[in-house]
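A short write-up of the structure that comes next.
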Amino acid sequence: MIRILPLAAAAALFAMPALACEGFGPHDAYARFSTSMSQSGAAFMVLHNHGTEDCHIAGARSDVAERTELHTHEIGDNGVARMIHVEEGFPLPADGELVLERGGKHVMLMGLTRALEQGDTFDLTLIFADGSESTFPVTVDNERMPGQMPEGATMSGHDH
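Numbering (mature numbering (1 follows the signal peptide of the UniProt record, and there is no 0)), first residue to last: -20 to -1, 1 to 140.
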C-alpha cells in the first residue's frame, strides 16, 4: 500500500491541466453592445504575457453568446473595412502584450443568450492552443469611447 501512494500522487500530478499561458493576465476587459436587445457585441481588453514562453490564443467562449469568435478588421480593395473571423487565433509573445480594441482585434459575441445592460458583468474564457483556458470577468461599458480608460482608472503602477 505504501508503494502505491507515491505512484498515485505522481499520476495525479501529470493528470493536472497545464497552466494557461503562465504569466498571462487580462487587463481592462470590457464589452460593448449597440442596445440591450442586440444579437451581437464585442469584448475588448489588453492581454499581458509576463511569462518567458510565447502563448497563442486559439479561441474563446462565454455563456452570454451562442458563438464566440476571435475577429479583426481588414481594409478591402474598395477601401471599406470589414470584420473577419481569425481562425488561426492571436499570438501573445513572451513578456509582451496583445491589445484587443475597437477597429482591430477583438472577441466577437454572436447570438446573445440574454440582454446585457450597462455595468453588467459576464465571464469570458480564452482558450489557448495547448488546450488550457483562462476565465475572467468582463464588464459591459457602452459609454466608453475608443482609447478611453474606465472611470477612476490611472496608469500609476503600470510597468509598460
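Here a beta-carbon is modelled for each residue, glycine too, at the ideal position from N, C-alpha and C.
Secondary structure within the segment 53 to 126: the beta strand (DSSP E) runs of 3 or more consecutive residues, fully enclosed, are 61 to 65, 70 to 72, 76 to 80, 86 to 92, 101 to 108 and 113 to 120 (chain order).
For F70, the CB contacts under 7 Å within the same chain, skipping 5 residues up- and downstream, are I37, L50, L78 and K85 in chain order. Restricting attention to I107, S18 and L80, the CA atom closest to the CA of H7 is found in L80.
Residue nearest to D34 within the set L92, L72, L89 and L96 is L72 (criterion: CA-CA distance). For M25, the enclosing beta strand (DSSP E) stretches over residues S20 to N29. Remark: C-beta atoms of L104 and A9 approach each other more closely than 8 Å. Counting other Cβ atoms within 10 Å of its Cβ, H28 reaches 16 or more and is therefore classed as buried.
Exclusion of the five residues before and after M63 leaves H51 and H53 as the residues of its chain whose Cβ lies within less than 6 Å of its Cβ. In the DSSP assignment, G5 forms a beta bridge with H28. Setting aside the 5 residues that flank it on each side, M17 is surrounded in the same chain by A95, each with a C-beta closer than 8 Å to its C-beta; the list follows chain order. Shown here for A61: same chain residues with a beta carbon closer than 6 Å to its own, the five before and five after excluded, namely H53 and I55 in chain order.
At the C-beta level, D100 and R12 stay beyond 8 Å of one another.
DSSP, reduced to helix, strand and coil, places T15 outside both helices and strands of the structure shown, so it counts as coil. DSSP, read as helix, strand or coil, puts E46 in strand.
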